[in-house]
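In the working numbering, the protein residues as written are 88 to 177. Cβ atoms here follow ideal geometry from the backbone N, Cα and C, with glycine treated the same way. Quantities reported herein were computed from a predicted structural model and do not represent experimental measurements. Heads up: the structure comes next, in structure tokens.
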């Protein structure tokens, strides 16, 4: 595994902070947990993946059409597509 130098590490931290300033954090709630339980039964998902997809549905107010869901996990991508999200292969 390659290591990065201090300058690249500083750049990465700055980029991560800038990204963090622009995203919304969806906290787990009873509604999200309930959606996640349904998603686990409906799709071949792990519990954490179903929570991620349920939070995305909460974020878009259950209107995923035209919204992009990014993931490298094929199972989660398939579930997102079946739920109505657009998904890009990473």
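Other residues of its chain near residue i: CB distance less than 8 Å, five sequence neighbours each side excluded
{"i": "residue 155", "result": "172, 173, 174 and 175"}
{"i": "residue 132", "result": "126, 140, 162, 163 and 166"}
Sequence-distant residues of the same chain with beta carbon closer than 7 Å to residue i, five excluded per side
{"i": "residue 115", "result": "138"}
{"i": "residue 168", "result": "174"}
Residue i to residue j span [Cα, whole Å]
{"i": "residue 152", "j": "residue 107", "result": "25 Å"}
{"i": "residue 149", "j": "residue 98", "result": "36 Å"}
{"i": "residue 110", "j": "residue 123", "result": "21 Å"}
Expected contact under 8 Å - CB spacing of residue i and residue j to nearest Å
{"i": "residue 170", "j": "residue 164", "result": "About 11 Å; that fails the 8 Å criterion."}
{"i": "residue 160", "j": "residue 136", "result": "7 Å"}
Contact with chain B by residue i, beta-carbon distance below 8 Å
{"i": "residue 130", "result": "Protein chain content of the structure displayed is limited to a single chain, and chain B is not contained in it."}
Contacts around residue i, its chain only, beta-carbon distance under 6 Å, and the 5 residues preceding and following it disregarded
{"i": "residue 119", "result": "141, 142 and 145"}
{"i": "residue 130", "result": "166"}
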